[in-house]
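Reviewing the structure listed below.
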Amino acid sequence: MKMNLKEMKTLYTFGCPNREATVERLRYVAALTPDPAAKKLFYMLSVKLSDEKCDKWYRRFYYNLRLQMQEYYQHKAVIMDSYWNHHMEKSYGEADEV
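By the count of our numbering, the sequence shown reaches residue 882 at its end, each step adding exactly one.
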């Protein structure tokens, strides 16, 4: 199944290994969300996962998604740390000679 990054983040946040529970949770979230774009995202993802053929591969897909998203957030944290360290080095200027 092909998913974009927003759908992966949504499934990472609201998903669980049980496909039926995930679909039900996404429908509840879609019903409670006031933003039309987010509502559409949640509802379309629940429709995509509600197919009975998804039972065969959903659990493996979910665990692989969890691993991929953990790597994504770790890499993002490393990039942000290196950015802030580089930014802080520029703000101090050059060292004085003693």
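Using N, Cα and C, we set each Cβ at its ideal position, and we do this for glycine too.
Find the nearest neighbour of residue i within the set the options, judged by alpha-carbon distance.
i, options, result
"P801", "Y846, D839, D865", "Y846"
"E804", "S866, K837, M853", "K837"
"Y796", "P818, Y856, Y867", "Y856"
"T794", "R844, M853, P818, A861", "M853"
Have a look at residue i and residue j and give me their C-alpha separation to the nearest angstrom.
i, j, result
"A821", "K790", "11 Å"
"N848", "W868", "30 Å"
"D835", "E808", "13 Å"
CB-CB under 7 Å to residue i, same chain, minus the five flanking residues each way: which ones, in chain order?
i, result
"L810", "F798, F826, L829, S830"
Give me, in chain order, the residues of the same chain whose beta-carbon lies closer than 8 Å to that of residue i; leave out the 5 immediate sequence neighbours on both sides.
i, result
"W841", "M785"
Mind checking which residues open and close the alpha helix (DSSP H) that includes residue i?
i, result
"S834", "Taken as a continuous stretch (DSSP letters only), S834 belongs to no alpha helix (DSSP H), as it is neither H nor E."
Item to check | Given 8 Å, three or more beta-carbon pairs between the segment 806 to 815 and the segment 824 to 839 | outcome: Look at the beta carbons and you see the segment 806 to 815 touching the segment 824 to 839: at least three pairs across the two are nearer than 8 Å.
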